[in-house]
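Participant: Sequence lines, in order, name chains V and S.
Counted from 1, the first sequence has number 107 at position 107 by UniProt numbering; the numbering is strictly sequential.
Counted from 1, the second sequence has number 76 at position 76 by UniProt numbering; the numbering is strictly sequential.
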Amino acid sequence: MTQRKRLSNSHSSSQSKRQSGNLVSQEEDDDSTFTQPSTLQVQRGLEKLTTAQVDQKTAEVVQYFLVKDQKKIPVRRADLVKHVVKDYRNIYPEIIKRAARVFDQVFGLKLVEIDAKNHMYILINKLEKVDGASPIKSPANPKMGLLFVILGVIFMKGGVVRENLIWNTLKKLRVDSGEKHEEFGDVKKVITDEFVRQRYLEYVRIPHTEPIEHEFRWGQRADMEVSKAKILEFMGELHEQDPQSWTQQYKEAHSVPGSTQAGTSSQR
Amino acid sequence: MKRTRGGGDEEAPRQNGSVGRKKGDPQQSEADDGGSTLGPADLQDDDNDPGLRREIRSKYRDLINSVQQNREDMLSPSNNKLTEVLEEANKLFKDVRQAREAALDAQLLVVATDLGKEKASQLFAEGTAFDHIAFAERLLSFMGLNRLEDGEDDQQNRGGIDGYLPKDAWHRVARRAESCFMTAPAFHYMMGSFHAEPPPPKQKIERQRKAPSKEAARIMPTQLKKMEGSHQEATEKEVERILGYLKSYYQDDPTSPISYYEFVIDPNSFSRTVENIFHTSFLIRDGLARMYLDDDKLPCIAPVEEGEVEAGGSWSRKQCIISISPKIWRELIDAFDIRDTLIQPQNTQTE
């Protein structure tokens with residue numbers, strides 16, 4: 001809910017700023033009026049530009065993504081067009097295509113549109129993690145641990161859980177949503193705001209509940225980035241059980257194409 | 001309306017003995033179809049009997065209430081209360097004739113279905129059971145929870161398990177969990193960002209000084225003269241000289257305040273006036289002189305008595321910026337009728 005509000009705010013403010021400008025620029029701010037140019041338009045557009053120009057614009061898009069991705073907040077197409085693509089919007093599909101290729105070949109990353117309706121993109125890692133020592137000994141982000149717990153519980157419980165279940169689980173792990181945590185700070189904010197904005201989680205109100213209750217689901221980023229099979233594997237290790245003993249979850253982790261997009265696990 | 005038995009249990013017929021339902025009872029299925037086993041004569045009476053209508057509606061309402069209030073109870077997988085409710089409703093439905101009752105029947109079905117859905121989701125959990133509390137406990141062990149240490153640590157831990165959780169507990173989980181994520185590594189410049197560092201320029205200065213030393217031998221005689229006028233020393237000397245002037249003028253007449261403008265302005269040279277202002281500011285800065293406003297709100301300057309000098313001590317620090325242009329300089333000369341400079345210029349002019 002808040003995400004949408006923020007978007008409309010930025011829309012209205014930028015529109016009012018451009019009041020004095022020409023009509024074209026006003027429309028540019030509103031993503032809904034950005035229509036994907038046709039293949040013919042793209043071709044025509046490309047003819048008027050040199051390779052160097054297109055490459056330059058592609059490079060700018062790539063850099064924009066890389067920096068924006070630091071915070072893991074999805075990139076909106078509207079922002080991309082407004083801030084980077086600008087006059088090259090008529091060849092937008094070509095630029096995106098080239099940028100995706102750069103990500104793939106140079107960085108080993110995948111550019112994914114996680115929301116086809118609102119047009120949001122994220123970057124995910126294409127490369128399989130090598131078992132054993134990684135050449136880069138970067139310290140693990142503890143938030144990843146927290147995320148794992150939440151996503152894991154949601155998945156094992158069938159895909160949706162009432163928020164109280166999560167809060168209770170975390171309480172058991174000495175993470176109290178009502179208190180400031182040593183490692184995570186304002187836990188409730190991290191989970192219901194940061195993780196939701198990053199699209200790792202969905203935090204939706206359950207209608208007709210009094211007092212207001214929410215439920216948690218996997219977010220669009222989690223669907224792309226997180227491997228259900230690997231989570232099940234870890235669960236198996238923790239519980240000293242064969243992952244296959246959770247038949248329903250095992251089936252979901254290994255059959256649905258969407259959930260295995262994030263990679264396959266070694267079969268036991 | 002055909003009813004299905006919720007919960008998929010076979011014990012229900014045995015439990016609910018009053019009506020004697022058995023699986024595949026032909027009479028029962030007839031009744032479920034919504035027909036009535038009563039004769040045509042009875043139909044007419046029942047249709048119009050308001051008492052019976054009320055009774056049926058009241059029974060429906062009772063059923064709805066019982067479902068809503070005993071929700072938790074009905075959810076429990078250990079009983080079949082939900083099924084019993086549905087069967088009750090089945091019975092009642094036989095007598096339903098009017099829309100009002102049917103509406104209540106529909107309402108009951110909505111409520112019961114909602115409950116049924118929840119019960120069904122519990123089934124999922126049971127079939128492939130996942131106890132989130134047990135999971136939490138196992139994860140704590142994974143994190144390295146030290147359960148043996150209690151006593152002093154008891155106060156730190158809130159209820160539940162005793163034990164000491166290591167500082168890197170969540171890091172351990174994160175490290176293991178990382179492999180589940182295909183996160184794109186965050187972009188950072190490998191060598192950090194640009195920032196200017198002092199050391200390289202220092203080296204350059206040294207080198208530059210070494211280079212002219214060869215020629216220094218030849219130009220030494222001419223350079224010696226100039227060295228006296230090196231900027232740093234010149235300023236200090238000048239400041240001291242001005243202090244001397246200030247003190248001598250003050251001693252001439254301690255009661256009469258020295259106007260700041262009269263002191264610094266040289267009516268013969270604007271540039272020297274600026275220099276005087278510059279040098280005087282050092283006196284103020286070092287606390288050797290003080291400036292104040294007289295009764296006419298004009299700035300005056302006076303040396304600070306020896307013994308009064310306390311660097312930044314009791315004196316309140318004030319800053320001000322003085323600017324002067326040739327135009328203002330001339331106006332001041334006219335206003336204060338300054339004929340001669342109080343600060344004599346030095347004889348040797350240095351560049």
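Beta carbons are placed, not taken as given, at the ideal position from N, Cα and C, and that holds for glycine.
Please read all numbers here as calculations on a predicted model, not as lab measurements.
1) For chain S, check one thing: does any of its Cβ atoms lie closer than 7 Å to the Cβ of V/T58?
2) Kindly identify the DSSP beta-bridge partner or partners of S/T183.
3) Rounded to whole angstroms, what is the Cα-Cα separation between S/V67 and S/V111?
4) Excluding the five sequence neighbours on either side, which residues of its own chain have a C-beta within less than 6 Å of the C-beta of S/E101, listed in chain order?
5) With DSSP run on the structure shown, which of helix, strand or coil describes residue 275 of chain V?
6) Any Cβ of chain V within less than 7 Å of the Cβ of S/A120?
7) Counting only the same chain and skipping the five closest in sequence on each side, list residues whose C-beta sits under 8 Å from that of V/K57.
8) For a contact defined as C-beta to C-beta under 8 Å, what are the partners of V/S255 on chain S?
9) Secondary structure at S/R339, three-state DSSP: helix, strand or coil?
10) Beta-carbon within less than 6 Å of V/K251's beta-carbon, same chain only, minus the 5 sequence neighbours each way: which residues are those?
11) V/P139 lies in the alpha helix (DSSP H); which residues open and close that run?
12) Report yes or no: do the stretch 42-54 of chain V and the stretch 169-178 of chain V share at least 3 C-beta pairs separated by less than 8 Å?
13) Is the distance from the Cβ of S/H279 to the Cβ of S/E238 below 7 Å?
14) Using Cβ-Cβ distances below 7 Å, what residues of the stretch 110-125 of chain V are close to chain S?
15) Quick check on S/L288: does DSSP put it in helix, strand or coil?
16) For V/A99, decide whether its Cβ has a neighbour in chain S, counting only Cβ atoms nearer than 7 Å.
17) Relative to the C-alpha of S/C180, which candidate in V/M224, V/R217, V/H239 and V/P211 has its C-alpha closest?
18) What does the alpha-carbon distance come out to for the pair S/A169 and S/C320?
19) Going by DSSP, what residue range makes up the alpha helix (DSSP H) through S/D73?
20) Where do the N-terminal and C-terminal ends of the alpha helix (DSSP H) with V/L232 fall, by residue?
21) Excluding the 5 residues preceding and the 5 following S/L92 in the sequence, name in chain order all residues of the same chain whose CB lies nearer than 7 Å to its CB.
22) Could you tell me whether any Cβ in chain B is nearer than 7 Å to the Cβ of S/C320?
23) Does the stretch 110-128 of chain V come close enough to the stretch 151-161 of chain V to have 3 or more Cβ pairs within less than 8 Å?
24) Identify the residues that DSSP records as bridge partners of S/C300: which are they?
25) Mapping DSSP to helix, strand and coil, what is V/K110?
26) Do V/E163 and V/H208 have their C-beta atoms closer together than 7 Å?
27) Where does S/E233 land, buried or exposed, given buried means 16+ other C-beta within 10 angstroms?
28) Does V/L80 have its Cβ less than 7 Å from a Cβ in chain S?
29) When you compare only the Cα positions, how much space is there between V/V106 and V/F65?
30) Rank S/I242, S/V85, S/P257 and S/V304 by C-alpha distance to the C-alpha of residue 402 of chain S and give the top, closest one.
31) Tell me which residues share the same chain as S/T273 and place their Cβ nearer than 8 Å to its Cβ, disregarding the 5 neighbours each side in the sequence.
32) Taking DSSP's pairing of strands, which residues face V/H214 in a bridge?
33) Can you pull the DSSP bridge partners for V/D115?
34) Can a CB atom of chain V be found closer than 7 Å to the CB of S/A184?
35) Over what stretch of residues does the beta strand (DSSP E) that includes V/V160 continue unbroken?
36) Which value, in whole angstroms, describes the spacing of the CA atoms of V/A253 and V/L147?
Facilitator: The short version:
1) One-based indexing of the first sequence puts residue 58 of chain V at position 58. Output row for V/T58: interface = no.
2) Counted from its first residue, the second sequence places residue 183 of chain S at position 183. In the DSSP output, where bridge partners are listed per residue, S/T183 has V/I124.
3) One-based indexing of the second sequence puts residue 67 of chain S at position 67. One-based indexing of the second sequence puts residue 111 of chain S at position 111. If you take the alpha carbons of S/V67 and S/V111, they lie about 7 Å apart.
4) Counting from one through the second sequence, the residue named residue 101 of chain S turns up at place 101. Hits under 6 Å: I56 and R57.
5) There is simply no residue 275 of chain V to check, as chain V begins at 1 and stops at 268 in what is shown.
6) On the second sequence, position 120 is the one that residue 120 of chain S refers to. No, because no Cβ of chain V sits closer than 7 Å to the Cβ of S/A120.
7) Walking along the first sequence from the start, residue 57 of chain V turns up at place 57. Answer for V/K57: V84, V85, Y88 and I95, listed in chain order.
8) As a first step, residue 255 of chain V is located in the first sequence; it is residue number 255 there, counting from the start. Simply none; closest approach about 14 Å.
9) What you label residue 339 of chain S is simply residue 339 of the second sequence in a count that begins at 1. In the structure shown, S/R339 sits in coil (DSSP, three-state: anything other than H, G, I, E or B).
10) On the first sequence, residue 251 of chain V is found 251 positions in, with the first residue counted as 1. Closer than 6 Å at the Cβ level, and outside the excluded window around V/K251, lies no residue.
11) Here residue 139 of chain V refers to the residue found at position 139 when the first sequence is read from its first residue. No alpha helix (DSSP H) contains V/P139, which DSSP labels as neither H nor E.
12) no
13) As a working mapping, residue 279 of chain S is identified with position 279 in the second sequence. As a working mapping, residue 238 of chain S is identified with position 238 in the second sequence. Going by C-beta atoms, S/H279 is nearer than 7 Å to S/E238.
14) L123, I124 and N125
15) Taking the first residue of the second sequence as 1, we reach residue 288 of chain S at position 288. Coil.
16) In the first sequence, the residue the question calls residue 99 of chain V occupies position 99. So no, V/A99 is outside the interface.
17) Walking along the second sequence from the start, residue 180 of chain S turns up at place 180. For S/C180, the nearest C-alpha among the options comes from V/M224.
18) Stepping through the second sequence from its first residue, residue 169 of chain S is reached at position 169. Stepping through the second sequence from its first residue, residue 320 of chain S is reached at position 320. Approximately 57 Å, taken between the alpha carbons.
19) By one-based count along the second sequence, residue 73 of chain S stands at place 73. That run of the alpha helix (DSSP H) goes R71 to L75.
20) Taking the first residue of the first sequence as 1, we reach residue 232 of chain V at position 232. Segment K228 to H239, the alpha helix (DSSP H) holding V/L232.
21) Taking the second sequence and counting its residues from 1, one reaches residue 92 of chain S at position 92. Cβ neighbours of S/L92 beyond the five flanking positions: I56, K59 and Y60.
22) Protein chains in the displayed structure are V and S, and chain B is not among them.
23) no
24) Stepping through the second sequence from its first residue, residue 300 of chain S is reached at position 300. DSSP, once it has assigned bridges, lists S/S259 and S/Y292 as partnering S/C300.
25) Position 110 of the first sequence, counted from the first residue, corresponds to residue 110 of chain V. Three-state DSSP puts V/K110 in a strand.
26) The count along the first sequence starts at 1 and reaches residue 163 of chain V at position 163. The count along the first sequence starts at 1 and reaches residue 208 of chain V at position 208. Cβ atoms of V/E163 and V/H208: not closer than 7 Å.
27) In the second sequence, the residue the question calls residue 233 of chain S occupies position 233. S/E233 comes out exposed.
28) Here residue 80 of chain V is taken as the residue at index 80 of the first sequence, counted from 1. It does not; no Cβ of chain S falls within 7 Å.
29) Reading the first sequence from its first residue, position 106 is the one you call residue 106 of chain V. Reading the first sequence from its first residue, position 65 is the one you call residue 65 of chain V. Straight-line Cα distance between these residues: approximately 14 Å.
30) Past the boundaries of the shown model lies residue 402 of chain S; chain S is included only from 1 to 351, so the question cannot be answered.
31) Numbered from 1 along the second sequence, position 273 holds the residue referred to as residue 273 of chain S. Closer than 8 Å at Cβ, skipping near neighbours: V264, I265, D266, I324 and W329.
32) The residue labelled residue 214 of chain V in the question sits at position 214 within the first sequence. Note: V/H214 sits in a beta bridge opposite V/R205.
33) One-based indexing of the first sequence puts residue 115 of chain V at position 115. BP columns for V/D115 point to V/M120.
34) By 1-based counting over the second sequence, the position of residue 184 of chain S is 184. By this cut-off, S/A184 is an interface position.
35) Counting from one through the first sequence, the residue named residue 160 of chain V turns up at place 160. Element bounds for V/V160: V160 to R162.
36) Taking the first sequence and counting its residues from 1, one reaches residue 253 of chain V at position 253. Taking the first sequence and counting its residues from 1, one reaches residue 147 of chain V at position 147. C-alpha separation (whole angstroms): 18 Å.
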